[in-house]
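Input: a single structure, listed below in structure tokens.
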Amino acid sequence: MANVRSEYTDSVNFYGQEDPRELVERFGSPLYVYNEDMLRARCRDLTGLSSHPGFRVNYSAKANTNPSLLKIIRSEGCVVDAMSPGELHINQLAGFTREEITYVCNNVSAEELKNASDNCDMVSVDSLAQLELFGKMNPGARVMIRFNPGIGAGHSEKVVTGGKKTKFGVDPEMLPQVQEIVARHQLQFVGVNQHIGSLFMEAAPYLDAMKVLLALAEKLLSLGYPLEVIDFGGGFGMPYHKYEGQPRLDMTELGNAIHACLSEWAEAKNYNGRFFIEPGRYVVAECGVVLGTVYATKNNGPHRYAGTDIGFTVLARPMLYDAFHDVEIYRENGKPDTEVVAQTIVGNICESGDILAKDRLLPLIEQGDVIAMLDAGAYGWVMSSTYNHRLRPAEVLIGSDGKARLVRRRETLDDLTASLVLE
Ligand SMILES: Cc1ncc(COP(=O)(O)O)c(C=O)c1O
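Numbering (the numbering used here), first residue to last: 12 to 434.
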């Protein structure tokens, strides 16, 4: 393989029998590439966290909804969440059944709540107002309620979802009002859920929040609510700084702690229901990269820029959250280069914030190089857009046979204009 910097993907045989430059030639640039074996491995890390019979991995589909990936995730024994009619539809397309889909939404219409209740075993609402609306639309139905445990965690303020400074969940202090609405609409209050935020690398806040939800669940059981599901949410982090040797979450230690917490509680309370965790990123981030082409390089004063076709319309996380993605560089007849220079990698969108990687110490990037932004499988394609009327990229999956196949074609100009009413 022609490479200047590819130790990470080489070490995990990410491209199987394929070569990233050839993939770009065959399928075009930019291009999302996924690896099935890595996806399966991450699913197994999670399903292996606890052997409690009620333990389930409820994959949070917002991270990546490609049906080919969803099918693999389902085949690994995971169930799935949906937070919009679109996610629900695509989960169904991938084969998830009503019993396997939990709808976890906020601030939605009466029609959406009705559709969710008609198509999903569990529907979670996250405010008193939404509970009221749900009850009006679905009297007597099963409902799950999202509580806010007062604990938040995450890699950016924008992804912390627990605590008072966020819009999510019902304050447990409001239980009397919840009870009143549930009783008035004769709802079956069968589940509780929470999600404290995204990308924790230390287990403590998650474990603390689990205990808070279990204490609430205990109270609800004692009040006679037949809880079938207790869902602790997602947020499990993975290392984005691979080239700096960032450690992984210790899944053995985390699994021991989660398993002990669940099993002891279930035994003490004689609880036979299910326990969900709801990870998105951990499942899919590492099995995906986005490849792009360097079309121009330049110096602006002391700053060196590498201009690529990976605008924030292709990978939004760096622009949205100042998120870090490691970079690899592939070059025809290239060889590993240990000399590094500070470079800023940018995209092709008309905004000065269109920056993928700022002042990164990397081997000198040249015109014609193909680069990979690693760990782009979560919140990658699903956050892509057509701003500047750029077309969204294709996606390929490298199967367990090591060969790549197309799982989403590149958009066309016709896709771009399909919803227009031309006069
Ligand atoms: C309700 C809910 N569950 C699960 C997730 C998945 O989070 P992560 O991808 O960090 O695991 C999210 C992310 O926003 C969420 O809002």
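Where a beta carbon is used, it is the ideal one built from N, C-alpha and C, also for glycine. Note that the structure is a prediction, hence the values are computed from the model and not measured.
Let me know if residue i comes out buried or exposed under the rule of 16 or more other beta-carbons within 10 Å of its beta-carbon.
i: residue 135; result: buried
i: residue 277; result: buried
i: residue 199; result: exposed
i: residue 75; result: buried
i: residue 352; result: exposed
i: residue 344; result: exposed
i: residue 314; result: exposed
i: residue 253; result: buried
i: residue 304; result: buried
i: residue 378; result: exposed
i: residue 271; result: exposed
i: residue 205; result: buried
i: residue 223; result: buried
i: residue 279; result: exposed
i: residue 20; result: buried
i: residue 438; result: Only positions 12 to 434 of the chain appear in the structure, and residue 438 is not among them; the question remains open.
i: residue 113; result: buried
i: residue 238; result: buried
i: residue 40; result: buried
When the Cα of residue i is compared with those of the options, which residue comes out closest?
i: residue 251; options: 395, 104, 333; result: 333
i: residue 17; options: 349, 230, 62, 211; result: 349
i: residue 133; options: 197, 202, 105, 119; result: 202
i: residue 361; options: 379, 319, 340; result: 319
i: residue 104; options: 119, 417, 130; result: 130
i: residue 259; options: 267, 370, 239, 214; result: 214
i: residue 210; options: 296, 308, 269; result: 296
i: residue 331; options: 216, 161, 168, 33; result: 168
i: residue 221; options: 15, 401, 287; result: 287
i: residue 298; options: 35, 80, 121; result: 80
i: residue 355; options: 317, 66, 364; result: 317
i: residue 23; options: 301, 34, 434, 52; result: 52
i: residue 229; options: 275, 217, 261, 144; result: 275
i: residue 371; options: 381, 357, 380; result: 357
i: residue 118; options: 363, 191, 138, 192; result: 138
i: residue 63; options: 267, 180, 364, 245; result: 267
i: residue 178; options: 323, 151, 208, 155; result: 208
i: residue 196; options: 140, 35, 151; result: 151
Roughly how many whole angstroms lie between the Cα atoms of residue i and residue j?
i: residue 38; j: residue 388; result: 18 Å
i: residue 86; j: residue 311; result: 50 Å
i: residue 368; j: residue 31; result: 20 Å
i: residue 153; j: residue 127; result: 11 Å
i: residue 393; j: residue 385; result: 16 Å
i: residue 327; j: residue 374; result: 24 Å
i: residue 78; j: residue 116; result: 21 Å
i: residue 83; j: residue 106; result: 11 Å
i: residue 289; j: residue 421; result: 30 Å
i: residue 68; j: residue 88; result: 8 Å
i: residue 414; j: residue 93; result: 30 Å
i: residue 96; j: residue 123; result: 7 Å
i: residue 265; j: residue 243; result: 14 Å
i: residue 417; j: residue 429; result: 22 Å
i: residue 194; j: residue 146; result: 10 Å
i: residue 426; j: residue 395; result: 14 Å
i: residue 142; j: residue 148; result: 10 Å
i: residue 391; j: residue 325; result: 7 Å
i: residue 43; j: residue 227; result: 42 Å
i: residue 405; j: residue 29; result: 16 Å
i: residue 109; j: residue 102; result: 10 Å
i: residue 306; j: residue 381; result: 9 Å
i: residue 72; j: residue 335; result: 22 Å
i: residue 54; j: residue 294; result: 6 Å
i: residue 98; j: residue 125; result: 15 Å
i: residue 341; j: residue 14; result: 4 Å
Have a look at the DSSP bridge pairing and note the partners of residue i.
i: residue 193; result: DSSP, once it has assigned bridges, lists no residue as partnering residue 193.
i: residue 157; result: 204
i: residue 69; result: 90
i: residue 199; result: 153
i: residue 496; result: In the structure as shown, the chain begins at 12 and stops at 434. Residue 496 is therefore absent and cannot be evaluated.
i: residue 299; result: 45
i: residue 287; result: 67, 242
i: residue 247; result: 211
i: residue 223; result: For residue 223, which the question treats as bridged, DSSP gives no partner whatsoever.
i: residue 181; result: 158
Measure from the C-beta of residue i to each C-beta in chain D and report whether the shortest distance is under 8 Å.
i: residue 80; result: Note that chain D does not occur in the displayed structure, where there is just one protein chain.
Would the beta-carbon of residue i be found less than 7 Å away from any heavy atom of ligand 2?
i: residue 158; result: Judged by which ligands are present, ligand 2 is missing from the structure shown, whose ligands are ligand 1.
Residue ranges of each beta strand (DSSP E) within the stretch 323 to 356, 3 or longer: 338 to 341
Which runs of the beta strand (DSSP E), 3 residues or longer, sit entirely within the stretch 12 to 56? 42 to 46
Counting only runs of 3+ residues fully inside the stretch 363 to 434, write out the beta strand (DSSP E) ranges in chain order. Runs of the beta strand (DSSP E) inside the stretch 363 to 434: 366 to 373, 381 to 384, 405 to 409, 415 to 419.
Report the start-end ranges of each beta strand (DSSP E) in the stretch 99 to 157 that is 3 residues or longer and not cut off at the edges. 112 to 115, 133 to 136, 153 to 157
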